[in-house]
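J.:
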Amino acid sequence: MKQKFTEKLKKWRHDHQEQYAKTIIETPKEMQLYSMLPFPGAVLIMGDRRMGKTATAHEGANKMHQRRGLPAVIHMPHVPENIRRSIQRHLPDWMKVVVRRSEWPKNCVVIYDEAAQSAHARRSQSGAAVELDDLIGISGQRNQLIFFISHHSRKLDVNIITEVNRIIWKKPSYAHQLFERDEVADFSMRAYDYFDQFRGNRPWLEATKAKAKRYNLVLDFDQFGFYQCKNNLPPWWTEDLSRLFQDVQRVVKGVI
Ligand SMILES: Nc1ncnc2c1ncn2[C@@H]1O[C@H](COP(=O)(O)OP(=O)(O)OP(=O)(O)O)[C@@H](O)[C@H]1O
Ligand SMILES: [Mg+2]
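Numbering (this note's numbering), first residue to last: 1156 to 1411.
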């Protein structure tokens, strides 16, 4: 599988050599978040802990709701009901926490946070990876925009990376960038450099991190190009909600 994709990418690079080099070097064009979102389609959001991945997916859903009237679901199987309910209370009524795929409507936005899936589901080859793979195919037929969220690509099935329409980076960590899958290593390096500009030559400070959280580097696989966009927090986002999502991660890792 990996071999096959590497071959594909090699050929692609060969055929688009100039475009590839230009894309890596050029300053990414500034865009609005909404105009970067494919519909239907799949978007992978990657980046370091606490750098705004989940908030960005929520803001993306917010824009899709404002512009297209789409509802959204947050897929959270294996999460205790009390936490799911607390999260639901913070959300607008068109955004629902669900536990089954059969609850994903047609014409909707799906937020699939890898961090919120159980370790067991992640490990099981016949489970999560395969499931995610066919989800992307199905999303086209069902008119869905799926946001997959992951700290970095090493954890993900390679099919997801090759099938998505966009990768959105929040600030990656240096280690993440080193452990990235070969298929996306060049791009992740680009993302690392992009976010490094925010700190200049200084160590990361809270203020520079806060600024970096508002930015996204986007790789558009359909047009093949890098773009940058800012995003605000969605109106329902609060620190309480943010803490609840952290609780979810502790629960699925078995800490709570
Ligand atoms: N666009 C933004 N503008 C301002 N602050 C932001 C933005 N995005 C995120 N933040 C701040 O960063 C915090 C962490 O965001 P979020 O929970 O989305 O990160 P994450 O990458 O999903 O973290 P984790 O890896 O723990 O899941 C938020 O609670 C918020 O305070
Ligand atoms: Mg998160």
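Beta carbons are placed, not taken as given, at the ideal position from N, Cα and C, and that holds for glycine.
These numbers were taken from a predicted model, which means no experiment stands behind them.
Tell me whether the stretch 1236 to 1248 and the stretch 1384 to 1393 touch, counting them as touching only if at least three CB pairs, one residue from each stretch, are closer than 8 Å.
T.: yes
J.: H1230 lies in the beta strand (DSSP E); which residues open and close that run?
T.: 1227 to 1230
J.: Ends of the alpha helix (DSSP H) at Q1174?
T.: Residue range 1172 to 1180 is occupied by the alpha helix (DSSP H) that includes Q1174.
J.: Should L1199 and I1293 be called a contact, given that it needs their Cβ atoms to be closer than 9 Å?
T.: no
J.: Counting only the same chain and skipping the five closest in sequence on each side, list residues whose C-beta sits under 7 Å from that of K1177.
T.: none
J.: Could you check how far apart the C-beta atoms of I1304 and D1268 are, in whole angstroms? I think they sit under 8 Å.
T.: Under the criterion of beta carbons closer than 8 Å, I1304 and D1268 qualify as touching, at roughly 4 Å.
J.: Could you pull out every residue in the same chain whose Cβ sits closer than 7 Å to the Cβ of K1385, ignoring the five residues on either side in sequence?
T.: Leaving aside the five residues that flank K1385 on each side, the residues in its chain whose CB is nearer than 7 Å to its CB run, in chain order, R1369, Y1370.
J.: Pick out the complete beta strand (DSSP E) segments inside the stretch 1344 to 1383, 3 residues or longer, and give them in chain order.
T.: 1370 to 1375
J.: Whose C-beta lies closer than 6 Å to the C-beta of M1250 among residues of the same chain, with five residues either side of it excluded?
T.: A1227
J.: Give the range of the beta strand (DSSP E) segment to which V1196 is assigned.
T.: Checking the displayed sequence, the identity of residue 1196 turns out to be Gly instead of Val. G1196 -> beta strand (DSSP E) spans 1196 to 1201.
J.: Could you give the distance in angstroms between the alpha-carbon of Q1296 and the alpha-carbon of G1355?
T.: 45 Å
J.: With DSSP run on the structure shown, which of helix, strand or coil describes D1289?
T.: Helix, per DSSP.
J.: Whose C-alpha, out of E1361, I1266, D1377, F1350, is nearest the C-alpha of V1319?
T.: Checked all of E1361, I1266, D1377, F1350; the closest Cα to V1319 is D1377.
J.: So is the beta-carbon of M1206 under 8 Å away from any non-hydrogen atom of ligand 1?
T.: Relative to ligand 1, the nearest heavy atom lies less than 8 Å away from the CB of M1206.
J.: Could you tell me whether any Cβ in chain C is nearer than 9 Å to the Cβ of D1170?
T.: Of the protein chains in this structure there is only one, and it is not chain C.
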